[in-house]
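**Q** In the UniProt record's numbering, the protein residues as written are 1 to 179.
For each residue, glycine too, the CB sits at the ideal point set by N, CA and C.
Next comes the structure, spelled out in structure tokens:
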């Protein structure tokens with residue numbers, strides 16, 4: 001795992017977290033933790049989980065990067081406090097990247113962890129752009145009901161390029177990453 005630094009949280013109890021990149025070798029050790037967080041993406045808290053085969057398939061794709069925030073004071077799988085993923089792909093014009101599955105466990109919300117893990121993804125995109133020596137259009141979507149998350153993305157420099165329409169719609173954000 002690649003560490004992206006430790007984060008100190010002060011609340012009812014102190015917790016030190018580390019944001020880590022999950023690779024193929026870590027897949028089986030992180031599967032239950034990911035499936036504990038995934039349902040929280042759905043407004044009801046009952047979203048879909050991923051199968052072990054689907055999870056390994058994602059991790060085998062070298063352009064798919066998964067990050068987790070780990071609370072070392074808790075036992076696995078409850079130690080996963082947040083997660084987010086980024087996917088890079090090349091089209092005929094340039095590289096693009098998409099951020100997906102940004103979720104902070106309900107116990108850790110309101111402590112800045114969503115910002116920290118999103119910043120880790122932005123840094124990952126910057127590293128990727130530097131390696132490829134190419135500009136990258138970085139996109140993410142967010143339901144309008146996620147008011148705090150939408151404000152965060154704009155604060156971090158994402159530009160709202162399309163507003164949600166209809167009940168199932170999501171806001172589309174973009175950020176240009178340069179090498």
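1) Using three-state DSSP, classify residue 27 as helix, strand or coil.
2) Going by Cα to Cα distance, which pick from 101, 88, 17 and 170 is closest to residue 177?
3) Take residue 141 and list the residues in its own chain whose beta-carbon comes closer than 6 Å to its own, dropping the five residues that flank it on each side.
4) Report yes or no: is there a C-beta of chain D within less than 8 Å of the C-beta of residue 44?
5) Grouping DSSP H, G and I as helix and E and B as strand, with all else coil, what is residue 50?
6) Assuming residue 128 is part of the alpha helix (DSSP H), what are its boundary residues?
7) Just reading off the beta strand (DSSP E) that residue 174 is part of, what are its end residues?
8) To the nearest angstrom, how far is it from the Cα of residue 131 to the Cα of residue 66?
**A** Short version:
1) DSSP places residue 27 in helix when its eight states are reduced to three.
2) For residue 177, the nearest C-alpha among the options comes from 88.
3) Cβ contact annotation for residue 141 (same chain, cutoff 6 Å, sequence separation greater than five): 170 and 172, in chain order.
4) This model lacks chain D altogether; it includes just one protein chain.
5) The answer is coil: DSSP assigns residue 50 none of H, G, I, E or B.
6) In this chain, the alpha helix (DSSP H) harbouring residue 128 covers 113-132.
7) Where residue 174 is concerned, the enclosing beta strand (DSSP E) starts and stops at 171-177.
8) A direct Cα-Cα distance of roughly 18 Å separates residue 131 from residue 66.
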